[in-house]
Structure formats: structure tokens, C-alpha cells
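Residue numbers (the numbering used here): 4 to 339.
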């Protein structure tokens with residue numbers, strides 16, 4: 004297929020584009036290369052993709068309506084994997100308007116492109132953060148996600164609702180994927196594993212929020228990408244059993260689906276740090292702090308629908324995934 008992958012120079016976008024290229028797809032990668040984090044890391048990812056003859060890069064803002072419309076008109080995409088977004092729960096407290104521009108207006112531009120150019124399937128990234136104040140575990144896509152605790156989560160929930168409206172109004176097949184705490188090589192420097200590794204290797208203290216006791220459904224990036232690709236090839240159909248009197252948020256009378264992608268094995272943050280210490284051969288100096296505003300205490304993915312519909316369940320344990328991250332980190336940043 005010929006596909007658009009937005010956020011192609013980002014963490015998950017890079018791995019997804021690489022996987023699609025490896026299976027023979029033609030990929031147009033879009034990214035604005037903003038400076039939310041180290042641009043040199045984005046360029047290093049992009050360099051690998053540009054070595055593939057079936058990859059082309061377009062530098063573009065998602066919210067640029069005219070340029071996005073022209074891109075869709077020019078390229079004739081068969082499918083779109085929309086991973087581009089302004090990420091980060093904590094960052095959204097200080098620069099909220101960028102989240103509305105990138106995540107809401109940017110997704111609208113993608114939806115409009117797909118609508119007007121008969122794209123066969125749009126797969127887009129959401130987040131486990133949409134579950135917000137809910138404490139019913141494991142998180143299920145059949146439960147409402149109506150109490151987000153950060154603007155980042157609110158914008159992502161907005162994109163889910165927008166996507167459903169386009170599936171309903173225009174028959175656009177749309178699938179949303181709620182990712183659970185993705186980690187691995189080539190990850191984002193603002194995420195915990197990156198920050199912890201830098202601090203430990205430089206003998207600096209690490210900030211451990213919620214005193215290290217919150218649990219996260221840490222999901223290795225290759226497992227996320229496997230889920231994306233399998234879902235991409237499973238175009239949603241209207242659910243003939245959908246009941247408007249008891250509306251199921253995960254399906255619809257329109258061609259629309261929501262899935263969780265998580266490891267379904269929550270790990271306490273202190274254990275996550277312990278695994279990293281073992282991989283680096285160093286001991287962290289910890290500064291224990293209370294839970295931060297916008298953070299949720301625990302996450303745990305129910306992936307039953309993903310397993311039933313596409314035959315896949317993420318399964319990489321943190322002991323394996325963190326080792327792969329640590330090996331990459333030590334090499335990439337010249338610690339060995």
C-alpha cells in the first residue's frame with residue numbers, strides 16, 4: 004500500500020514506518036521536527052528511514068489546512084497511520100495551546116484529507132491517559148473515558164470523538180489505539196526511562212513521583228508496532244449489534260473501533276527502576292516525591308478485543324525491553 008505516517012520522525016512513528024517499509028509498503032512520512040525535545044534524535048531516526056527507497060519525507064505542520072489538503076490531493080494515500088501529536092502530560096500544563104493546535108486541529112486536518120480522498124482506513128494514536136480519574140482495573144474500551152486529568156488526555160479524547168463523527172457522517176473506516184506507557188530504544192528523552200538512565204550514569208539523583216508506588220502497564224515499542232500493523236490490515240465494519248440504548252464506546256453502527264494496546268502486566272515504578280539499575284550496573288540515588296498533578300496512580304490494559312479481532316497480545320516483559328533500551332542507550336550516547 005501507499006501510506007501516510009504522521010509523526011514519522013517521532014518514537015513510535017519511526018518504528019512504524021520502518022516496519023511498513025520492511026514489509027514492502029510505500030511510506031510518506033510527515034513530521035514538523037519541532038524542538039519539544041532534542042531534534043538531533045529525530046534527525047537520526049529520520050536518517051535511517053531516508054535510506055529506504057520507498058520512503059519520502061515531508062516537513063509539515065499538521066494544522067496547516069492548505070498544505071495538508073494539497074498533500075492528500077497530490078499523493079492519493081490508500082491508508083493513514085496518524086501518530087503525530089504534541090505529547091507529554093506535564094508539558095500540557097505549561098503550554099496548553101500547542102496541544103489544541105497539534106492534537107485537535109491537526110487531527111481534523113487528517114480527517115478532512117481522509118474524507119475527501121477516499122482513504123481506505125485511518126488508524127490513529129490515542130492514549131491510556133484518557134481513562135483519567137477511573138480506578139476500575141483493568142481499563143476497558145467498553146467503559147466511558149469521560150474524566151481526563153490533563154489537557155493532553157482531553158485533547159486525545161477529543162480526537163476519538165472527532166474520529167467517530169467522521170466514521171458516522173462519511174463512512175470513513177477509523178480505528179483508534181490507546182497506547183499504554185510505551186518504552187524502548189530511540190524513545191523520547193522526556194520519558195522516565197530516558198531521564199533515569201541519564202541521571203544514573205551521571206551520578207545525579209532521580210525524581211521518583213508517588214514515592215515509586217504507582218504501577219504502569221509498560222509496553223515495549225515493538226509490541227505497539229505489531230498491534231498497529233495488525234489493526235491497519237483489519238478494516239473496521241459497522242457493528243450490526245450496536246445498541247443505541249446502551250451505547251458501547253468501543254464500537255459503533257459506523258465503521259469505527261477502539262482498542263487498548265498494553266502489556267497487561269502492570270509493574271511498580273520502583274521495580275522498573277530496579278531493572279534499569281541492573282541493566283546499567285549502577286544504583287540510582289532516588290528523591291521520593293508525591294504524585295504530580297495530571298498523573299494517574301495506576302494503568303492496566305484490558306486487551307481482550309485486540310486479541311479477539313486481530314489475534315495479538317503484547318507480551319514483552321520489562322526485563323527484556325529495558326535491557327534492549329539500555330544497550331541502545333549506552334551505545335548511542337557513547338557510555339561504552
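Backbone N, C-alpha and C define an ideal beta-carbon position, used for all residues, glycine too.
For clarity, every value in this text was computed on a predicted model and none was experimentally measured.
The stretch 244 to 261 and the stretch 169 to 185 touch, with no fewer than 3 CB-CB distances between them shorter than 8 Å.
DSSP lists 62 as the bridge partner or partners of residue 34. Around the C-beta of residue 219, 16 or more other C-beta atoms lie within 10 Å, and the residue is accordingly described as buried. Looking at the backbone, the Cα of residue 22 and that of residue 305 are separated by about 25 Å. Bounds of the alpha helix (DSSP H) holding residue 273 are 272 to 283.
In this structure the stretch 197 to 217 does not lie against the stretch 121 to 135, because fewer than three pairs of beta carbons, one per stretch, are closer than 8 Å.
If one requires a minimum length of 4 residues, the alpha helix (DSSP H) runs lying completely within the stretch 51 to 134 are 68 to 78, 99 to 102 and 109 to 119, in chain order.
Looking from the CA of residue 149, the closest CA among 161, 185 and 110 belongs to 161. Within the same chain, and ignoring the five residues on either side of residue 316 in sequence, the residues whose Cβ sits closer than 6 Å to its Cβ are 306 and 310. One Cα belongs to residue 26, the other to residue 230, and the distance between them is close to 15 Å. Between residue 58 and residue 20, the gap from beta carbon to beta carbon is short of 8 Å. Below 8 Å, enough C-beta pairs join the stretch 102 to 122 and the stretch 71 to 91 to call them touching: three or more. In its chain, beyond the 5 residues on either side, 218, 219, 221 and 321 have a beta carbon closer than 7 Å to the beta carbon of residue 270. Annotation: residue 225 to residue 40 spans about 22 Å, alpha carbon to alpha carbon.
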